[in-house]
Amino acid sequence: MKNATMYSVFLPMSLLLGACGNDKTTEITNTVSPTSDVLIADFEQKIPAWISSENAAIKQVSSNGVTKGKQALNIDFDSSKLKASVTLQPKKPWDWSKLNAFNLATDITNPSDVSVHLYLTVKDNSGWFHRRSVSIPAHSSGTYYAELKGEQLEFDSGLREDPPAWTSTDQKMFWQNGRKKLQLENIVSITYNVDTMNEDKSLIIDNVRLRENPEIDPSYLVGITDKFGQNAKVDFPNKVKSEKELKALADAELATLEKEGPMADRSKFGGWKSGPKLEGTGYFRTEKVDGKWAMVDPEGYLFFSSALANIRIANTTTTTGVDFKDDAVRYIDPNDVTPEDSLGIRPVSKEAQKTRYISSDVRHNLFTWLPSYDDELANHYSYRRSVHRGPIHHGETFSFYQANLERRYGETHPDSYNEKWRDVTIKRFKNWGFTSTGNWTDAEFYQMDRIPYFANGWIIGDFKTVSSGNDVWSPMPDPFDPEFKHRAELTTQVIAEEVKNNPWCIGVFVDNEKSWGNISTKRGHYGIVIHTLSIKDKDSPTKNEFNRLLKEKYTSIEALNTAWNTNLDSWETLSNGYKVGDLTDEMIGDFSTLLEAYATQYFKIVHNALEKVLPNHMYMGVRMAHWGMTPEAVKAAKKYVNVMSYNYYKEGLHEKAWEFLAETDMPSIIGEYHVGATSDTGLYHPGLILASDQQDRARMYKEYMRTVVDNPYFVGAHWFQYIDSPLTGRAYDGENYNVGFVTIADVPYKAMVDATKEINSELYQRRFGK
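Residue numbers 1113 to 1882, in my numbering, belong to the letters of the sequence shown in order.
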C-alpha cells in the first residue's frame, strides 16, 4: 500500500459549515490554517435548532468533560426506550468532498458508573449511512474517531476491522455496517445513539470536528500475527509466549477441572436435580410450569439451556493469501448438504500443492510464521472454495487454534488432540455450569453421551430463490419449488444419521438468520412479496402461489385494481411481472397474507422433513435475527416449531422489544448473543456488542443472562461463541472478534469463567425457585 498523501490546506470553514447558517454553537473564522481542525460543534453558545435529541435529555455543562472552551454537551439517555440519540442535522447538507483524507473526531467523557456502548452514524442524502461504534469506559475521557475518507476505506484486507493505520492515543471506532464511502458532498446528519440499555446512562461530548488523517504506517498490515495466531505487535494478559507455557497452562487447568468437577445440583442431563420432577419421556420436551415455559429433560427434571455455541474447528481457519492453480481443489459435489463455512479441515493434495502461488501479498504478509508443507503442524492447513465476503474468493486457510491444540495436548495418534479437546471442552462446560452446548456443535460430540446438545443443518442446493431486497447471508429459498423439499429431506436425513435418535439431542436448528424482511420500512417489511411480484410466473413457484392466492381472493382483475388502486389490464399482466409502486393499505394487508403464506410453506416443509426422520426431537426453528424478522414469519414459525429461536445482539432483553411474546406464548430461546472488548485481548474488533475490557464484558454477560432467565417465555440462551475469532479474520467473512470464552490459544478468560459460574450456580433457583 502507498502512504497517505499529506496535503497542505483544508477548505475554508464557511464552505464546510455555512449550511448551518448563523445558528452555530461557537464563533468561528472563515478560513482554516494548514494544520487546523474543521469544527462542527463545540457547544459554547445556546444549543442550536439543528441539534436535536430523541429519548435523551441534552443540556450544556461547564464541569468535567469540557475539552475546548468553557462548555460541552451533556446527554442523559433514557433506558426505558429502545433507542436514544442526539443528531446534528444542518439546514443544508455539509459538503466535505473537497477535503483530503480525514476523520470525524469527538471528545467524549463518560460520567456513568458503567460503560456506554455508543454508536456513530453518518448519513448522506442518498440514504446511505456509515456506522461505527465504541465502548466508552466508566468514568473516563478520551477522543474517539471514525475515518470517513482515506486509503483504508478504499482497501479490503479481509479483516472485519484492520489495525489502526497510524499511531495515536485516540481510540478508533469500530466498523459496524452500512457503506464505508459516502457521498461526501451531501452529508445530511451525524447521530450519536445508544441501543437497548439495561439502565440510564450519560455522556458528555465536546469538540466535534474533522481532522486530516496522519500519515499511514506502511507496515500496519505486515507481520501482525505470531506463530500462535496472537497479535505479534502488542502485549496483553492472556498472551502465550512459548509452547512450554501453553502446556503448563493446560496442565494447571486440567488439574483444576479434575479437582473441582461438575457444578453441583445437576441431573444426568443437566436439569435441576433438587427441583420438582415431572414426567420423563426419554427425550427433551417443553412444558409450562407455574406460568413459565420450561424444557424438561429426558428424566423429567426442569431444564434451562445455558450454553456456548459454535463449538467446532470449521470457523477457526483464516485465509493465508495462497491459492492453487489445480481446479480440483475447488470442486463442489452437487449432493453436498454442508455449506462452506461449516466444513472442517479439508487438506489439499500434494499434487495440488505443487501448483501453489501467492494470490494476495497483503493477506500473506499478515503472518510472521506459517508452517512449511512438511512441517508437523502442516496438517492444520485447509482450503476454502468460496467465501461470503473478502478480497479473495477462495484459497488456502490455516487454523492456528487447531495447531495450538496439538501444541497444547500433543498427539499420541492421528488427531488425538481433537479428542482431548472435546473431552476438555465438556469438562469445562460442566465445571462452568453450562447445561448444554449450543448450535453448531461439532457432530463428533453427538454420541459421546456426556452433555446435551443441539443438532443443526442447512438446506442448500440448486433450488429456486426469492429476495427480500436485503438478503444478508444469501437469497431466500423458494419453498414452493419441489427441489427445496427434496433438499430439505436430504439435509434432515443426514442430521438423523448423525443424531441416531440420541436422547442427549435436545432439538434441531435448521438454517440460520434468514432475511424475512426488515420492518423498519414498509417496503423492507414486504420485500419478499414486492420482489417476487416483479418476477414472471414461469420463473418462480412462489410467484405462482401468490397469484393463485390473489385470484382466490379477488374474482376479477378489476376487483384487484380497485383494492390496490392499480390499473392492471389482466391477470396475465400480473403473471408477467408487476413492479409495485406506492403501497396502499389494502395492498399491505394482502402482502402480509402472502408473506405469511410464504413463510408457512418454508416451516411446513422443514417440519415435515424432520418429523419423518427425527420424530422424538424438537424442531428449534431458524434462529431469527432481529434485523430480518417479521410478524408474519413469527406467526408462520409458531405453527410448526416446538421452540421459537431468536438471535438477539443487544445489551439485554428490553421489555418493549419482546412484548409480542405474550401473544405468541411459545417456549423461546436466544440462539446467539455476545459482548467483546479489545483493550486487553490483542484483537482488533470487539464484536457486535461492546465492553471496555474483560471485567466489563463479564458484567454485561451477567446482565444479559439475567434478563433472559427472568423472562417467563425463554427456556435458554446461547452465547456466540466458544472460541475467539482469528486475529486475521475467519475465512468465510473476515470476522475477527473477541467473542470467545477462550482465546485462539485455548486459554480461558478468567473474568468470563467466574461470571458464568456465578450465573449458572444461581440459574435454577432464580428461574424456578420460590
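By construction, the Cβ of each residue, glycine as well, lies at the ideal position given by its N, Cα and C atoms.
Might you give, ordered along the chain, the residues of its own chain that have their beta carbon closer than 6 Å to the beta carbon of F1241, omitting 5 neighbours on each side? In the sequence shown, the residue the question calls residue 1241 occupies position 129. Scanning its chain for C-beta atoms nearer than 6 Å, with the 5 sequence neighbours on each side dropped, one finds around F1241 the residues T1233, K1235 and G1290, in chain order.
Helix, strand or coil for M1699, going by three-state DSSP, please let me know. Locating residue 1699 in the sequence shown gives position 587, where the first residue counts as 1. Look at M1699 here: in three-state DSSP terms it is helix.
Report the partner residues of M1407 according to the DSSP bridge assignment. As a first step, residue 1407 is located in the sequence shown; it is residue number 295 there, counting from the start. DSSP output for M1407 lists T1398 and F1415 as bridge partner(s).
Identify every run of the beta strand (DSSP E) within the region 1237-1304, keeping only runs that are complete inside it and at least 3 residues long; order them along the chain. Along the length of the region 1237-1304, whole beta strand (DSSP E) runs at least 3 residues long occupy 1241-1248, 1252-1261 and 1286-1290, reported in chain order.
Within the region 1465-1520, note down every full beta strand (DSSP E) run reaching 3 residues or more, in order along the chain. Counting only runs of 3 or more, we get 1468-1470, 1493-1496 and 1507-1510.
Any idea which residues DSSP pairs Y1825 with across the strands? Here the question's residue 1825 lines up with position 713 in the sequence shown. In the DSSP output, where bridge partners are listed per residue, Y1825 has none listed.
Cβ atoms of Y1876 and W1384: under 8 Å apart, would you say? For the purposes of this step, residue 1384 is taken as residue 272 along the sequence shown, with counting starting at 1. For the purposes of this step, residue 1876 is taken as residue 764 along the sequence shown, with counting starting at 1. Cβ atoms of W1384 and Y1876: closer than 8 Å.
On the premise that G1799 lies in contact with V1851, defined as a C-beta separation below 8 Å, what is that separation, rounded to the nearest angstrom? Indexing the sequence shown from 1 puts residue 1851 at position 739. Indexing the sequence shown from 1 puts residue 1799 at position 687. Contact holds; Cβ gap of about 5 Å.
Along the chain, where does the beta strand (DSSP E) containing I1669 start, and where does it finish? Position 557 of the sequence shown, counted from the start, is the residue given in the question as residue 1669. The continuous stretches of beta strand (DSSP E) do not include I1669, which lies in the alpha helix (DSSP H) extending over residues I1669 to W1676.
So, under 8 Å CB-CB, E1698 and A1675 are touching, yes? Tell me the CB distance rounded to an integer number of Å. Residue 1698 sits at position 586 when you count from the first residue of the sequence shown. Residue 1675 sits at position 563 when you count from the first residue of the sequence shown. Going by Cβ atoms, the distance from E1698 to A1675 rounds to 4 Å, so yes, they are a contact pair.
Classify E1297: buried if its beta carbon has 16 or more other beta carbons within 10 angstroms, exposed otherwise. By 1-based counting over the sequence shown, the position of residue 1297 is 185. Result: exposed.
Residue closest to T1840, alpha-carbon to alpha-carbon, out of E1556, K1371 and G1335: As a working mapping, residue 1840 is identified with position 728 in the sequence shown. The option with the nearest alpha carbon to T1840 is G1335.
Based on DSSP bridge pairs, tell me the residues matched to G1387. Counted from its first residue, the sequence shown places residue 1387 at position 275. G1387 is bridged by DSSP to nothing; it lacks a bridge partner.
Alpha carbon to alpha carbon, how far is F1658 from R1397? Give it in angstroms, no decimals. Looking up residue 1397 in the sequence shown gives position 285. Looking up residue 1658 in the sequence shown gives position 546. Answer to the nearest angstrom: the Cα atoms are 36 Å apart.
By Cβ distance below 7 Å, which residues in the same chain neighbour F1715 in space, the five residues on each side in sequence not counted? As a first step, residue 1715 is located in the sequence shown; it is residue number 603 there, counting from the start. Apart from the 5 residues on each side of it in sequence, F1715 sits with its Cβ closer than 7 Å to the Cβ of A1748, A1749, K1751, Y1752 and V1753 in its chain, given in chain order.
Just the Cα atoms here: how many angstroms apart are K1612 and Y1443? Translated into the one-based positions of the sequence shown, residue 1612 becomes position 500. Translated into the one-based positions of the sequence shown, residue 1443 becomes position 331. Straight-line Cα distance between these residues: approximately 30 Å.
Tell me which residue opens and which closes the alpha helix (DSSP H) that Q1877 is part of. Looking up residue 1877 in the sequence shown gives position 765. Segment K1862 to F1880, the alpha helix (DSSP H) holding Q1877.
Is the Cβ-Cβ distance between I1187 and V1198 less than 8 Å? Taking the first residue of the sequence shown as position 1, residue 1187 is located at position 75. Taking the first residue of the sequence shown as position 1, residue 1198 is located at position 86. Yes.
Same chain, Cβ closer than 6 Å to T1221, neighbours up to 5 away in sequence not counted: Within the sequence shown, residue 1221 is the residue found at index 109, counting from 1. Counting only Cβ-Cβ distances below 6 Å, and skipping sequence neighbours, we find G1177, S1253 and I1316.
Confirm, please, whether the CB-CB distance from Y1529 to Y1521 is below 8 Å. Here residue 1521 refers to the residue found at position 409 of the sequence shown. Here residue 1529 refers to the residue found at position 417 of the sequence shown. Going by C-beta atoms, Y1521 is nearer than 8 Å to Y1529.
What is the residue span of the beta strand (DSSP E) that E1664 lies within? Position 552 of the sequence shown, counted from the first residue, corresponds to residue 1664. Unbroken run through E1664 is the alpha helix (DSSP H), P1653 to K1665; no beta strand (DSSP E).
By the DSSP assignment, the alpha helix (DSSP H) with A1364 in it spans what residues? Taking the sequence shown and counting its residues from 1, one reaches residue 1364 at position 252. Counting along the chain, A1364 sits inside the alpha helix (DSSP H) bounded by residues E1355 to E1372.
Coil, strand or helix - K1313 by DSSP: Within the sequence shown, numbered from 1, the residue matching residue 1313 stands at position 201. Under the three-state reduction of DSSP output, K1313 falls in the strand class.
Run through DSSP, which three-state label would Y1231 get? Residue 1231 sits at position 119 when you count from the first residue of the sequence shown. Reduced to three states, the DSSP call for Y1231 is strand.
I need the DSSP call for G1740, collapsed to helix, strand or coil. If you number the sequence shown from 1, residue 1740 lands on position 628. Correct three-state label for G1740: helix.
My output table needs one value for P1349: the three-state DSSP class, helix, strand or coil. Sequence index remark: in the sequence shown, residue 1349 carries index 237 (1-based). When secondary structure is reduced to three states using DSSP, P1349 falls in the coil class, being assigned neither helix nor strand.
Just the Cα atoms here: how many angstroms apart are S1247 and W1544? Within the sequence shown, residue 1247 is the residue found at index 135, counting from 1. Within the sequence shown, residue 1544 is the residue found at index 432, counting from 1. Answer to the nearest angstrom: the Cα atoms are 27 Å apart.
According to DSSP, is V1320 part of a helix, a strand, or is it coil? Here residue 1320 corresponds to residue number 208 of the sequence shown, with the count starting at 1. The three-state reading of DSSP puts V1320 in strand, counting E and B together.
Got a sec, what are the start and stop residues for the beta strand (DSSP E) F1566 sits in? The residue you call residue 1566 lines up with position 454 of the sequence shown. Y1565 to G1569 is the extent of the beta strand (DSSP E) around F1566.
Compute the beta-carbon to beta-carbon distance between G1783 and N1551, rounded to the nearest angstrom, for a pair I have assumed lies under 8 Å. The residue you call residue 1783 lines up with position 671 of the sequence shown. The residue you call residue 1551 lines up with position 439 of the sequence shown. About 6 Å separates the two Cβ atoms, so the contact holds.
Report the residue ranges of all alpha helix (DSSP H) runs contained in full by the region 1582-1663; include only those spanning at least 4 residues, in chain order. 1594-1611, 1634-1637 and 1639-1645, all fully within the region 1582-1663.
Cβ-based neighbour list, F1098, same chain, cut-off 6 Å, excluding 5 preceding and 5 following: This structure cannot speak to residue 1098, because the chain is shown only from 1113 to 1882.
Name the two residues that bound the continuous beta strand (DSSP E) containing P1688. Reading the sequence shown from its first residue, position 576 is the one you call residue 1688. Note on residue identity: the sequence assigns Asn, not Pro, to residue 1688. It is not in any beta strand (DSSP E) - N1688 carries neither H nor E in the DSSP assignment.
Looking at the secondary structure, which residues open and close the alpha helix (DSSP H) in which T1776 lies? On the sequence shown, position 664 is the one that residue 1776 refers to. First-last of the alpha helix (DSSP H) with T1776: F1772 to T1776.
Which partner residues of W1206 appear in the DSSP bridge assignment? As a position in the sequence shown, residue 1206 is number 94, starting the count at 1. For W1206, the beta-bridge partners assigned by DSSP are I1299.
Limits of the beta strand (DSSP E) - the one that T1218 falls within: Residue mapping note: residue 1218 aligns to position 106 of the sequence shown, counting from 1. From DSSP, the beta strand (DSSP E) with T1218 extends over F1214 to N1222.
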